[in-house]
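Top line first, the protein sequences correspond to chains A and B.
The letter at position 115 of the first sequence is residue 115 when you use the numbering used here, and the numbering goes up by one with no holes.
Just remember that the numbering used here sits 1000 ahead of the position in the second sequence, which is counted from 1.
Structure, as structure tokens:
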Amino acid sequence: MQNVKMVVTGPFSSGKTEFIHTVSEIDVVSTEKKITAVDEKNIKDTTTVAMDFGRITVDENLVLYLFGTPGQKRFDFMWEILSEGMLGFIVMIDSTRPETFREARSILETFRAYAPTPYIVAANKQDCVDAWDPKDMRHVLRLDPTVKILPCVATEKARVKNVLLELLYSILEEMETGKR
Amino acid sequence: MALKGNLRDFTLLQLFNLVNLAAKTGSLILKTPDDEAQMAFRVGKLAYACTEKDDASLAGILLRGNKINAAQYRIIRERGTQISDQELGLLLINAGYFTQDDILSVLHDYYTGVVHKMFNWTEGAFNFDENMATPDGRIPVRIDLENLIIDATRLTYEREMLEDEIPSLDMAVKFSDRPGANLEKIRLNPEEWKVINYVNPKNTLRQISRTLHLTEMEIRRIIYALLQAGIVELIRPAGIPVAVSLGNQTTPAPRVVKPQESLVNRLINRIRSL
């Protein structure tokens, strides 16, 4: 049996747990705890403290694991552990909270330093009125034109599938480029 | 699509970069507790800018630019209440008072000045609306954002430098025991003299700035100049926490996993079938 993994990272409350929950065939093994910090409690009640863990069985010999990182900076010691051996990673960003864009950029760079694997950016919560356009987010995040930024709604399976597929296409493209 | 946020998290410099790079058209409204500003952009260029506190009518801008005097301003205001800025501009040009270039130049200077003022705003809600154009009747111009962005970058650098030197406005200043300059020969500008009057270990810089109606940037600039001249010394009041530097974080060596193409294709097929 071969196991492969992808990491879903991003700032606090960007929708990582929801994303994994939407496509995982098992109930997401979540390490959520009640939030005690007042500022963060205004955004949501619980948060991931170690990781989220989802699974998609490909066939009898291959399983894809999705790992969600804790979003809060004080749990970033988990990031490096989770990034070990990943195929690629998804940076999830809440499109309605521009105050988190800078942090998202920093997380992205940290993960790139851990492992220069392919990655894509998911502009989550695109169903909200205040959501920023992914094109504008690309400028703000100073993303290279080759990096994909995709509109996403973490609760919608089709959108989540699209994000995962685009990451896999990027992995494939990079393998083909590497061959040349 | 909305572009909403707070300048605390997303600076005006970043917004200008975005408008410039994406060649955006629309209006940007900034709201602080003290003032409100509006800027209009056309295809990535600044077309219009004003703050709520200013008289941003053409007459008001001409007065501020010393192109007309107070009496002329009053006459225009009295006679021209029903006409727009564009109509007033045409009237003044046709009557031979100004050329078109004169008017565009004074508007250019005013709009640029407004933007420079706004670069000092570090907090306040912003909202960029792509469906909102230059207010009716106002005269739009075309100002490249590149120079404004460079100015803003310079200002940001200066602000960061001043914040490093004077980390908190809750600090106080006292006259230096051994001033590094010959005080008899020193020349201060009126703003610096006003600040000097309030130099006292009991007065925090914030209190001084409030009393003299100075912005945070202005008080920092003045205090920095006085510090450099060796006239005053900063006193750290007890209880102010010292910022702790996290130091250089070491970056681990990159680890790369090389998957097989067939494996990725199997994953793609599986995800498609979900």
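We treat Cβ as the ideally placed atom computed from N, Cα and C, and that holds for glycine.
These figures come from a predicted structure and were not determined experimentally.
Residue span of the beta strand (DSSP E) that contains residue i, given as start and end
i, result
"residue 1037 of chain B", "1036–1042"
"residue 151 of chain A", "149–151"
"residue 60 of chain A", "Element bounds for residue 60 of chain A: n/a, residue is neither H nor E."
"residue 1014 of chain B", "It is not in any beta strand (DSSP E) - residue 1014 of chain B instead sits in the alpha helix (DSSP H) that spans 1012–1021."
"residue 1105 of chain B", "Run containing residue 1105 of chain B: none in the beta strand (DSSP E); it sits in the alpha helix (DSSP H), 1100–1118."
"residue 1174 of chain B", "1172–1175"
"residue 94 of chain A", "88–94"
"residue 1129 of chain B", "1125–1129"
"residue 1063 of chain B", "Element bounds for residue 1063 of chain B: not the beta strand (DSSP E) but the alpha helix (DSSP H), 1058–1064."
"residue 120 of chain A", "119–124"
"residue 1090 of chain B", "No beta strand (DSSP E) contains residue 1090 of chain B, which is instead part of the alpha helix (DSSP H) from 1085–1094."
Boundaries of the alpha helix (DSSP H) in which residue i is found, first to last residue
i, result
"residue 1049 of chain B", "No alpha helix (DSSP H) contains residue 1049 of chain B, which is instead part of the beta strand (DSSP E) from 1045–1051."
"residue 1224 of chain B", "1216–1228"
"residue 1150 of chain B", "1145–1165"
"residue 114 of chain A", "101–114"
"residue 1269 of chain B", "1261–1272"
"residue 22 of chain A", "16–23"
"residue 1073 of chain B", "1070–1079"
"residue 9 of chain A", "Element bounds for residue 9 of chain A: not the alpha helix (DSSP H) but the beta strand (DSSP E), 2–9."
"residue 1203 of chain B", "Unbroken run through residue 1203 of chain B: none, as it is neither H nor E."
"residue 1192 of chain B", "1190–1197"
Cβ distance (whole Å) where residue i is taken to contact residue j below 8 Å
i, j, result
"residue 1231 of chain B", "residue 1195 of chain B", "Actually they do not touch by this definition, with Cβ atoms about 10 Å apart."
"residue 95 of chain A", "residue 123 of chain A", "5 Å"
"residue 7 of chain A", "residue 89 of chain A", "4 Å"
"residue 1111 of chain B", "residue 1049 of chain B", "4 Å"
"residue 115 of chain A", "residue 86 of chain A", "6 Å"
"residue 1027 of chain B", "residue 1014 of chain B", "About 18 Å separates the two Cβ atoms, so there is no contact after all."
"residue 1024 of chain B", "residue 1044 of chain B", "6 Å"
"residue 172 of chain A", "residue 1264 of chain B", "5 Å"
"residue 1118 of chain B", "residue 1012 of chain B", "6 Å"
"residue 1274 of chain B", "residue 161 of chain A", "6 Å"
"residue 63 of chain A", "residue 1 of chain A", "7 Å"
"residue 1169 of chain B", "residue 1216 of chain B", "6 Å"
"residue 164 of chain A", "residue 4 of chain A", "Rounded, the Cβ-Cβ distance is 12 Å, inconsistent with contact."
Cβ neighbour criterion (16 or more within 10 Å) applied to residue i
i, result
"residue 129 of chain A", "exposed"
"residue 1085 of chain B", "buried"
"residue 1211 of chain B", "exposed"
"residue 1193 of chain B", "exposed"
"residue 52 of chain A", "buried"
"residue 1157 of chain B", "exposed"
"residue 1070 of chain B", "exposed"
"residue 158 of chain A", "exposed"
"residue 118 of chain A", "buried"
"residue 1262 of chain B", "exposed"
"residue 136 of chain A", "buried"
"residue 1056 of chain B", "buried"
"residue 1078 of chain B", "exposed"
"residue 1272 of chain B", "exposed"
"residue 1172 of chain B", "buried"
"residue 1067 of chain B", "buried"
"residue 18 of chain A", "buried"
"residue 1266 of chain B", "buried"
"residue 1096 of chain B", "exposed"
"residue 107 of chain A", "buried"
"residue 1138 of chain B", "buried"
"residue 1144 of chain B", "exposed"
"residue 1251 of chain B", "Residue confidence is low: residue 1251 of chain B scores 42 on pLDDT, short of 50, so the model does not pin down where it sits. Its coordinate-derived value is still stated next. With fewer than 16 Cβ atoms within 10 Å of its Cβ, residue 1251 of chain B is classed as exposed."
"residue 138 of chain A", "buried"
Chain-order list of residues whose beta-carbon lies under 6 Å from that of residue i (same chain, five-residue window excluded)
i, result
"residue 1243 of chain B", "The predicted position of residue 1243 of chain B is uncertain, since its pLDDT is 39 and thus under 50; no value can be drawn from it."
"residue 103 of chain A", "11"
"residue 1092 of chain B", "1098"
"residue 151 of chain A", "123, 126 and 134"
"residue 1029 of chain B", "1038 and 1127"
"residue 148 of chain A", "120 and 166"
7 Å Cβ cut-off: residues of chain E touching residue i
i, result
"residue 66 of chain A", "The structure shown contains no chain E; the protein chains it does contain are A and B."
Nonlocal neighbours in the same chain, by C-beta distance under 8 Å from residue i, ignoring five residues either side
i, result
"residue 1161 of chain B", "none"
"residue 1018 of chain B", "1003 and 1024"
"residue 1136 of chain B", "1084"
"residue 1249 of chain B", "With a pLDDT of 41 at residue 1249 of chain B, under the threshold of 50, the modelled position of that residue is not reliable, and the figure given next carries that caveat. No residues qualify anywhere along the chain."
"residue 91 of chain A", "9, 10, 104, 107, 108, 111, 119, 120, 121 and 122"
"residue 1202 of chain B", "1172"
Same chain, Cβ closer than 7 Å to residue i, neighbours up to 5 away in sequence not counted
i, result
"residue 132 of chain A", "95 and 98"
"residue 20 of chain A", "8, 28, 52, 54, 66 and 68"
"residue 1064 of chain B", "1110"
"residue 1072 of chain B", "none"
Identify each residue in the region 112–137 of chain A for which the Cβ-Cβ distance to at least one residue of chain B is less than 8 Å, and report them in chain order. 113, 114, 115, 116, 117, 129, 130, 131, 132, 133, 135 and 136
Select from the region 1143–1174 of chain B all residues with a C-beta closer than 9 Å to any C-beta belonging to chain A, and list them in chain order. Using a CB distance below 9 Å, no part of the region 1143–1174 of chain B faces chain A.
What residues in the region 136–167 of chain A have a beta carbon less than 8 Å from any beta carbon of chain B? 136, 139, 140, 157, 161, 164 and 165
Residues of the region 1004–1028 of chain B with Cβ closer than 8 Å to any Cβ of chain A, in chain order: 1004, 1005, 1006, 1008, 1009, 1010, 1014, 1017, 1018, 1021 and 1022
Selection of the region 1112–1143 of chain B by Cβ proximity to chain A, strictly under 7 Å: none
Could you run through the region 1207–1241 of chain B and flag, in chain order, every residue whose CB is less than 8 Å away from some CB of chain A? none
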